[in-house]
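**Q** Be aware that the sequence shown starts at 1, since it is given in UniProt numbering, and climbs by one per residue.
Here a beta-carbon is modelled for each residue, glycine too, at the ideal position from N, C-alpha and C.
Dumping the structure here so I can ask a few things about it.
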Amino acid sequence: MTFSAENLLFISSPSTASLIKPSKPTNSNQFTFLFPKPSSLFLFSQQCAVLRTNTRCSAFSQTPTHPDYIPNRIPNETYVRVLDTTLRDGEQAPGASMTRTEKLAIARQLVKLGVDVIEAGFPASSKYDLETVKLIAKEVGSRVDECGYVPIIGACCRCVRSDVDVAWEAVKDAKRPRICIFISTSEIHMKYKLNKTADQVLELAEESVRYARSLGAEDITFICEDAGRSEKEFLYRIYGETIKAGATTITFTDTVGYNFPSEVEQFVKDLKANVVGIENAIISVHCHNDLGLANANTLVGAYAGARQVEVTINGIGERAGNASLEEFVIAVKSRGKDILGGLHTGINTTHIVPVSKMVEEYSGLSIQPHKAIVGVNIFSHASGIHQDGILKNKSTYEIISAEDIGYVLSNETGIVLGKHSGRHALKSRLWQLGHDMDDKTFEEVFGRFKSLAETKKSLTDEDLESLVHQAESKQRHTLWEHSEVTKKSVANISLQNTEQSNPVLYLYDVVNFTAYGSENYRMAADPTPMESEADLNRLVVESPVERDIPNAESGEMLDSNNVTDLNENEVDGILEPYVGMEFDSEEAVKEYYDAYATRVGFRIRVGNFHRSNRDGSINSRKFLCNKEGFRDNKQSKRGEVRRPREETREGCKAMIMARKEKSGKWVVTKLETKHCHPMWISRGKRVTIPAPSQDEKDKKIRELSAELYRANQQLAGCRKTLEMVLKEVQKSLSASELSIYQ
Numbered sequence: 001m002t003f004s005a006e007n008l009l010f011i012s013s014p015s016t017a018s019l020i021k022p023s024k025p026t027n028s029n030q031f032t033f034l035f036p037k038p039s040s041l042f043l044f045s046q047q048c049a050v051l052r053t054n055t056r057c058s059a060f061s062q063t064p065t066h067p068d069y070i071p072n073r074i075p076n077e078t079y080v081r082v083l084d085t086t087l088r089d090g091e092q093a094p095g096a097s098m099t100r101t102e103k104l105a106i107a108r109q110l111v112k113l114g115v116d117v118i119e120a121g122f123p124a125s126s127k128y129d130l131e132t133v134k135l136i137a138k139e140v141g142s143r144v145d146e147c148g149y150v151p152i153i154g155a156c157c158r159c160v161r162s163d164v165d166v167a168w169e170a171v172k173d174a175k176r177p178r179i180c181i182f183i184s185t186s187e188i189h190m191k192y193k194l195n196k197t198a199d200q201v202l203e204l205a206e207e208s209v210r211y212a213r214s215l216g217a218e219d220i221t222f223i224c225e226d227a228g229r230s231e232k233e234f235l236y237r238i239y240g241e242t243i244k245a246g247a248t249t250i251t252f253t254d255t256v257g258y259n260f261p262s263e264v265e266q267f268v269k270d271l272k273a274n275v276v277g278i279e280n281a282i283i284s285v286h287c288h289n290d291l292g293l294a295n296a297n298t299l300v301g302a303y304a305g306a307r308q309v310e311v312t313i314n315g316i317g318e319r320a321g322n323a324s325l326e327e328f329v330i331a332v333k334s335r336g337k338d339i340l341g342g343l344h345t346g347i348n349t350t351h352i353v354p355v356s357k358m359v360e361e362y363s364g365l366s367i368q369p370h371k372a373i374v375g376v377n378i379f380s381h382a383s384g385i386h387q388d389g390i391l392k393n394k395s396t397y398e399i400i401s402a403e404d405i406g407y408v409l410s411n412e413t414g415i416v417l418g419k420h421s422g423r424h425a426l427k428s429r430l431w432q433l434g435h436d437m438d439d440k441t442f443e444e445v446f447g448r449f450k451s452l453a454e455t456k457k458s459l460t461d462e463d464l465e466s467l468v469h470q471a472e473s474k475q476r477h478t479l480w481e482h483s484e485v486t487k488k489s490v491a492n493i494s495l496q497n498t499e500q501s502n503p504v505l506y507l508y509d510v511v512n513f514t515a516y517g518s519e520n521y522r523m524a525a526d527p528t529p530m531e532s533e534a535d536l537n538r539l540v541v542e543s544p545v546e547r548d549i550p551n552a553e554s555g556e557m558l559d560s561n562n563v564t565d566l567n568e569n570e571v572d573g574i575l576e577p578y579v580g581m582e583f584d585s586e587e588a589v590k591e592y593y594d595a596y597a598t599r600v601g602f603r604i605r606v607g608n609f610h611r612s613n614r615d616g617s618i619n620s621r622k623f624l625c626n627k628e629g630f631r632d633n634k635q636s637k638r639g640e641v642r643r644p645r646e647e648t649r650e651g652c653k654a655m656i657m658a659r660k661e662k663s664g665k666w667v668v669t670k671l672e673t674k675h676c677h678p679m680w681i682s683r684g685k686r687v688t689i690p691a692p693s694q695d696e697k698d699k700k701i702r703e704l705s706a707e708l709y710r711a712n713q714q715l716a717g718c719r720k721t722l723e724m725v726l727k728e729v730q731k732s733l734s735a736s737e738l739s740i741y742q
């Protein structure tokens, strides 16, 4: 079928639409449209249906396709079915119990992933599990997509008739139901667990498979539990008899994770060579991770000829867990063509991370940071050498792409800045944050960065912004030292020689804090040229040091219009707070934050604290902006409404928290510098922002109301047109006698 791209309709959003021509009509699958004439709606509906099917199922789609479903064989010789047993074997991990709603959500996510088989549970174990498996079979296993894909829904059971009955009852509503029957076959299991002979076990297995077939099951898996420690000759017999009875898949299980890869490979090869009727069944492998070999065993099993693998999300399961779905799939995707003879799966890997996070949340089993494929460190680089390579070419230290597995990085490089990071990595991240600085400023930032990195494992973007601010502040204003100024002095005026012929007036702020251990003198005003020393003396006499700082002698606030205001980012010589700052004591933290607040323009109050469990001393303290929190009317126990306190709280979240380290130093661990209210210019003096008049408020309300009305009118028009389009689509899709325009 052919059609014109210009005539194709595609709804781009609920409220807007336009007609555009795709830049590449032959490859583009997305169009937007201008509402068409009714006469063209018929063509639109049919073309939409074709486009939807072709987009999902075409060779150009990134979503892998699944071969035709045949229970006992796979038409594509290199295709490997993926059976996910997260909901059955995965849930058997201690503490991993999940609710029915959570299991249903995971099953739906597994469909997006594209697994071939979902082993939904063990229905005979409880009525709750039975109802859960039935729900999954009905809600997930009965919906076929446009490509004909629907997962097989399996239920696990023992070689007991009542178990088989319950398993079939649980999955029979699925489009592709499967019964998974298991029994132990190793000498130790048959003797101590089952108390049965090999012949008795063989008879039970054959009878159970035959009975399942009589119920109407056409897809039956027979599982030899602990096959890895079973006698091979007995395995050949029992697998052969169950295939003859109707089994379509036979599963080799390394139940206790005992086997090595070479053994699993040989087992699979021997089964292919010695089991009678093996050409009428699919070999499956189910490996546990007790020796850390589950994924290796699964890979070699598939390479040796197994065409189904049984895995779990995140590798969860009994004891050390199972083979990991994501590790197996990505290994096959990465090396299947060149190492594994062209093996491939139908998994859409872009959904790996979402389903991994869902299983982590619902099971309560946290993913290790260094877990392959889905660990948080997988795309993180701390070494300076590695970071340099990644910035030049990602393939230097990454063999898979974050986008391929649905991983969203906090920054596109994945670099974690810490004490091992070098200049290249830091400069790259600063550039991403919008900071393009000269070499001198960068070296200042880098020096501060290295110092902070020694006390903090990794640095955030907020830390970097603070470091840049500190470095740029130092570059803009020279730090001066003046021996004649004592600690009590706060302001001083002097003449400094410059390249210009005229002397220049400078104003200095002198700040002393125990946090720094020394006095800091910062030029607090822009230079003002003086014609002569007499001009300076006249200025000092006629307009003494007028500035928003305390007078050294009287302690009163001084105000000035003659001295240029500070840069808005400056804090009068006081270092901007940052996570990792060190202080000698809790009182020093308070003094610093109080002085910082005074310079910025707010007041502080002491917040909550924590005491040491060992000696009861305070080891953590929070200091807050005094506008933190809210003050609402409160009702007393008697029902009386208490008068609210003065309206000073505005919900400000600005704060600093410091914790006492073993060394005795107090280190800032949390920080918030943003305020939600106006700052003061000086103590006791607020910044007055004129409130809008009533007329201005009314005008703004009218403008917003008019804007809202126009938006609603546009939305209503779009809604009517969309309703008309959808009605025509529904009519045309239901009219089977209409032919498709060629």
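In the DSSP assignment, the beta strand (DSSP E) including Met657 goes from what residue to what residue?
**A** Run containing Met657: 655 to 660, per the beta strand (DSSP E) assignment.
**Q** Compare the Cα-Cα distances from Thr673 to each of Gln713, Glu661, Tyr593, Asn314 and report the closest residue.
**A** Out of Gln713, Glu661, Tyr593, Asn314, Tyr593 has the C-alpha closest to the C-alpha of Thr673.
**Q** Note down, one range per segment and in chain order, each alpha helix (DSSP H) of at least 4 residues found wholly within the region 86 to 159.
**A** Listed in chain order, the complete alpha helix (DSSP H) runs (minimum 4 residues) inside the region 86 to 159 are 100 to 113, 127 to 139.
**Q** To test your reading of the DSSP string, which unbroken alpha helix (DSSP H) runs of 4 or more residues are found completely within the region 216 to 277?
**A** Runs found: 232 to 245, 261 to 274.
**Q** Which two residues bound the contiguous alpha helix (DSSP H) that contains Val201?
**A** First-last of the alpha helix (DSSP H) with Val201: 198 to 214.
**Q** Enumerate in chain order the residues of its own chain whose CB-to-CB distance from Cys676 is below 8 angstroms, with the five nearest sequence positions on each side excluded.
**A** So the qualifying residues of the chain are Lys627, Glu650, Gly651, Cys652, Lys653.
**Q** Using 10 angstroms around the beta-carbon of Tyr128, count the other beta-carbons present and answer buried if the total reaches 16, otherwise exposed.
**A** Answer is exposed; the Cβ neighbour count stays below 16.
**Q** How far does the beta strand (DSSP E) with Lys674 in it extend, from its first residue to its last?
**A** Taken as a continuous stretch (DSSP letters only), Lys674 belongs to no beta strand (DSSP E), as it is neither H nor E.
**Q** Roughly how many angstroms lie between the CA atoms of Lys269 and Val376, to the nearest whole one?
**A** The alpha-carbon atoms of Lys269 and Val376 are separated by roughly 38 angstroms.
**Q** For Glu360, which residues in the same chain have their Cβ closer than 7 angstroms to its Cβ, ignoring the five residues on either side in sequence?
**A** Answer for Glu360: Asn314, Ser366, Ile367, listed in chain order.
**Q** In whole angstroms, what separates the C-alpha of Ile378 from that of Ser142?
**A** For Ile378 and Ser142, the distance between alpha carbons rounds to 36 angstroms.
**Q** At which residues does the beta strand (DSSP E) containing Ser620 begin and terminate?
**A** First-last of the beta strand (DSSP E) with Ser620: 618 to 625.
**Q** Less than 8 angstroms between the CB atoms is what I'm expecting for Glu241 and Glu206, so what's the real figure, rounded?
**A** The pair is a contact, with the Cβ atoms about 5 angstroms apart (cut-off 8 angstroms).
**Q** Could you give the residue range of the beta strand (DSSP E) that holds Gly301?
**A** Element bounds for Gly301: not the beta strand (DSSP E) but the alpha helix (DSSP H), 294 to 304.
**Q** Check each candidate in Ile183, Val111, Ser214 and name the one with the smallest Cα separation from Ile223.
**A** Comparing Cα positions, the closest option is Ile183.
**Q** Among Glu587, Phe602, Val600, Arg229, which one has its Cα closest to the Cα of Ala658?
**A** Answer by Cα proximity: Glu587.
**Q** Along the chain, where does the alpha helix (DSSP H) containing Arg605 start, and where does it finish?
**A** No alpha helix (DSSP H) contains Arg605, which is instead part of the beta strand (DSSP E) from 604 to 611.
**Q** With 16 as the cutoff for other CB atoms within 10 Å, does Arg178 come out buried or exposed?
**A** By the 10 Å Cβ count, Arg178 comes out buried.
**Q** Considering only the alpha carbon of each residue, which of Ala217, Pro261, Leu202 lies closest to Pro71?
**A** Pro71 has its Cα closest to that of Ala217, out of Ala217, Pro261, Leu202.
**Q** What are the residues that DSSP puts in a beta bridge with Pro177?
**A** Pro177 pairs with Ile153.
**Q** When we look at the beta-carbon of Thr460 and count the other beta-carbons within 10 Å, is it buried (16 or more) or exposed?
**A** By the neighbour-count rule (16 or more Cβ atoms within 10 Å), Thr460 is not buried but exposed.
**Q** If you check the beta carbons only, do Cys180 and Glu225 fall under 8 angstroms apart?
**A** No, they are not a contact pair.
**Q** Just tell me which of Asp404, Ala471, Lys660 has its CA closest to the CA of Pro64.
**A** That would be Asp404, whose Cα lies nearest to the Cα of Pro64.
**Q** Around the Cβ of Phe609, are there at least 16 other Cβ atoms within 10 angstroms (buried) or fewer (exposed)?
**A** So Phe609 counts as exposed.
**Q** Are the CB atoms of Ser334 and Ile238 within a distance shorter than 8 angstroms?
**A** No.
**Q** Among Pro678, Gly607, Val468, which residue has its Cα nearest to the Cα of Leu575?
**A** Considering only alpha carbons, the answer is Val468.
**Q** Please state the DSSP three-state secondary structure of Asp84.
**A** In the structure shown, Asp84 sits in a strand (DSSP, three-state: E or B).
**Q** By how many angstroms is the C-alpha of Gly321 removed from the C-alpha of Glu310?
**A** Rounded to the nearest angstrom, the two C-alpha atoms are 12 angstroms apart.
**Q** My guess is that Val329 and Thr345 are in contact by the Cβ rule of under 8 angstroms, so how many angstroms apart are they, rounded?
**A** Confirmed, Cβ separation roughly 6 angstroms.
**Q** Please list, in chain order, all residues of the same chain as Phe60 whose beta carbon is under 6 angstroms from its beta carbon, the five residues on each side excluded.
**A** Reliability fails at Phe60, whose pLDDT of 34 lies under 50, so the model's placement of it is uncertain and the value that follows must be treated cautiously. For Phe60, where only same-chain residues beyond five positions count, there are no Cβ hits under 6 angstroms.
**Q** What residues in its chain sit with their C-beta under 8 angstroms from that of Ser501, if we drop five residues either side in the sequence?
**A** Any reading at Ser501 is ruled out, since the residue's pLDDT is 39, under 50, leaving its predicted position unreliable.
**Q** Suppose the cutoff is 8 angstroms on Cβ atoms and the five residues either side in sequence are ignored; what does the same chain contact list for residue 778 look like?
**A** For the chain, the structure presents residues 1 to 742; residue 778 sits outside this window and is missing.
**Q** Of the residues Leu135, Arg161, Glu187, which one's Cα is nearest the Cα of Val171?
**A** Comparing Cα-Cα distances from Val171 to each of Leu135, Arg161, Glu187, the minimum goes to Leu135.
**Q** Is the CB-CB distance between Gly364 and Ala96 below 8 angstroms?
**A** The answer is yes: Cβ separation under 8 angstroms.
**Q** By the three-class DSSP mapping on this structure, what secondary structure does His424 have?
**A** Of the three classes helix, strand and coil, the one that applies to His424 here is helix, per DSSP.
**Q** Using only CA atoms, which one of Ser663, His66, Val579 lies nearest to Pro75?
**A** It is His66 whose Cα lies nearest to the Cα of Pro75.
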